[in-house]
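For the record, in the sequence shown the residue sitting at position 269 is 269 according to full-length UniProt numbering, with numbers rising by one throughout.
The C-beta atom is built at its ideal place from N, Cα and C for all residues, glycine as well.
Just so it is clear, the structure is predicted and the values come from calculations on it, not from any experiment.
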Amino acid sequence: MTIDAKTKMTVVTQFINNDGTATGTLIAIQRIYVQNGKVSQQSNTNVAGIITTIKSRTPSAISKRLLPATRTSLRAFSVDGPLALRDVRMGLMSDEDIRESNRRQNEAFERAERTAQNPRPLQLDPASAKQRNEIAAALLSYYKFLTGLYIPEEALRRPPKGDQGWDYINAERFAFLGKTDAVIDLYKHIPYIAQDRAIGYQIDVETICIDYTGKDFQRDAVQKQEADSVTPGQFDGQDAPIWNRLKEPQHVALLAKPLETHRGLWIAIDIRDGKAAQLMPLNEVNEQTSWEFSNIQDLLRHLREEFMKLASLPLAPNNVVSAEVNGELDPQRARVQEVYRDYGWPSADFDKEACMKKVEQADEA
Numbered sequence: 001m002t003i004d005a006k007t008k009m010t011v012v013t014q015f016i017n018n019d020g021t022a023t024g025t026l027i028a029i030q031r032i033y034v035q036n037g038k039v040s041q042q043s044n045t046n047v048a049g050i051i052t053t054i055k056s057r058t059p060s061a062i063s064k065r066l067l068p069a070t071r072t073s074l075r076a077f078s079v080d081g082p083l084a085l086r087d088v089r090m091g092l093m094s095d096e097d098i099r100e101s102n103r104r105q106n107e108a109f110e111r112a113e114r115t116a117q118n119p120r121p122l123q124l125d126p127a128s129a130k131q132r133n134e135i136a137a138a139l140l141s142y143y144k145f146l147t148g149l150y151i152p153e154e155a156l157r158r159p160p161k162g163d164q165g166w167d168y169i170n171a172e173r174f175a176f177l178g179k180t181d182a183v184i185d186l187y188k189h190i191p192y193i194a195q196d197r198a199i200g201y202q203i204d205v206e207t208i209c210i211d212y213t214g215k216d217f218q219r220d221a222v223q224k225q226e227a228d229s230v231t232p233g234q235f236d237g238q239d240a241p242i243w244n245r246l247k248e249p250q251h252v253a254l255l256a257k258p259l260e261t262h263r264g265l266w267i268a269i270d271i272r273d274g275k276a277a278q279l280m281p282l283n284e285v286n287e288q289t290s291w292e293f294s295n296i297q298d299l300l301r302h303l304r305e306e307f308m309k310l311a312s313l314p315l316a317p318n319n320v321v322s323a324e325v326n327g328e329l330d331p332q333r334a335r336v337q338e339v340y341r342d343y344g345w346p347s348a349d350f351d352k353e354a355c356m357k358k359v360e361q362a363d364e365a
């Protein structure tokens with residue numbers, strides 16, 4: 001049975017215990033969908049490595065067997081998925097447990113704040129400062145370009161004027177990243193596209209800015225669960241120079257990450273020489289793709305050109321897609337391209353507000 005996501009349905013959640021009773025040990029969670037009088041059982045996965053790993057009558061139920069099998073088969077989870085960053089436990093938390101967990105997190109957050117009240121000065125040479133300013137200027141230009149096309153202007157966060165940069169970002173608060181002072185200093189002085197409250201404004205196809213100033217990041221940082229999670233071990237076996245750079249992550253600044261899929265891209269800069277790259281996580285056939293640029297200016301120029309010709313196509317501020325599907329222009333997306341051109345893109349007469357309203361209607365048609 002195929003579920004129609006646009007039609008009303010009833011979802012029943014089953015908690016399955018080891019002995020079939022209400023008092024046994026919870027071993028799995030599965031859902032049953034009821035729509036138009038028809039019942040659909042928990043959907044099965046056909047991802048290689050998962051079905052063969054799980055031997056139970058509910059092969060795709062949420063269970064302690066499914067989670068590690070999924071992490072192994074879908075390596076994207078180890079890059080930016082929450083399962084790789086948290087201690088996943090089966091079971092239900094009581095209200096008291098939740099309150100206690102929140103209390104501990106708040107205390108940890110307050111302790112981290114106290115230790116960061118008197119930060120040490122970052123050690124930076126003049127060449128690094130010059131490079132930092134050039135990167136910041138390039139990012140600001142690109143983000144302003146995006147706010148002229150589809151992202152709300154208020155989403156652009158500019159660093160405070162002067163050399164001080166963002167107050168929140170310092171070596172003490174970011175010590176858990178293990179980055180050099182040059183990387184921390186870069187984070188401290190660049191602009192961002194806001195990502196609080198899981199807004200998900202996309203700066204490229206299925207790719208979001210890592211907002212190191214945002215409240216979401218600040219709380220996650222206390223638990224060491226943040227977007228800058230690329231580690232050398234995740235790129236073992238990659239011999240190209242671009243992957244070898246990630247084996248020294250202390251020198252790598254990450255500016256963007258995939259939007260909870262394996263289809264978006266990481267954007268990274270090696271602060272030692274300024275080389276920039278787009279990195280794609282492992283795909284379905286266990287391959288990794290990357291594109292290296294001489295500097296961030298060249299990388300952003302490439303992204304801008306894709307938007308100019310609408311090969312990268314915004315359907316909404318939080319939904320940027322490729323105009324092509326399987327190497328061919330998608331007819332529906334071609335109609336959206338025409339809407340942009342009808343409203344003046346890419347000329348100076350482009351009417352952003354009117355265009356985005358029409359794009360939303362065209363995408364829903």
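Start and end residues, beta strand (DSSP E) containing residue i
i: F293; result: 289 to 293
i: P258; result: 252 to 258
i: D270; result: 266 to 270
i: D185; result: Counting along the chain, D185 falls outside any beta strand (DSSP E), though it belongs to the alpha helix (DSSP H) covering 181 to 189.
Counterpart residues of residue i in DSSP-defined beta bridges
i: M280; result: T289
i: residue 382; result: Only positions 1 to 365 of the chain appear in the structure, and residue 382 is not among them; the question remains open.
i: L313; result: V321
i: E328; result: V325
i: Y33; result: V11, S40
i: T207; result: D204, P258
i: Y192; result: R157
Residue-chain proximity (residue i, chain D), Cβ-Cβ < 9 Å
i: R104; result: Absent from the structure: chain D. Only one protein chain is present.
Start-to-end residues for the alpha helix (DSSP H) that takes in residue i
i: D167; result: It is not in any alpha helix (DSSP H) - D167 carries neither H nor E in the DSSP assignment.
i: A137; result: 126 to 149
i: I296; result: 296 to 308
Supposed close pair residue i, residue j - CB separation, criterion 8 Å
i: Y212; j: I169; result: 6 Å
i: L303; j: Y143; result: With 8 Å as the limit, L303 and Y143 do not qualify as a contact, their Cβ atoms being about 11 Å apart.
i: L254; j: A268; result: 5 Å
i: E206; j: L259; result: 5 Å
i: A136; j: I190; result: 5 Å
i: V183; j: I296; result: So it is not a contact: roughly 13 Å between Cβ atoms.
i: K358; j: L149; result: Contact doesn't hold; Cβ gap of about 14 Å is too wide.
i: T180; j: Q250; result: 5 Å
Residue i CB to nearest heavy atom of the ligand NAD below 8 Å
i: L139; result: Inclusion of the ligand NAD in the displayed structure is not the case, the ligand content being empty and no account of it being possible.
Residue j beta carbon less than 9 Å from that of residue i
i: L122; j: D185; result: yes
i: I203; j: I151; result: yes
i: S294; j: L279; result: no
i: T7; j: Q30; result: no
i: Y192; j: F174; result: no
i: R341; j: L299; result: no
i: L329; j: V320; result: no
i: R333; j: V325; result: yes
i: A155; j: P317; result: yes
i: F145; j: F307; result: yes
i: I208; j: G264; result: yes
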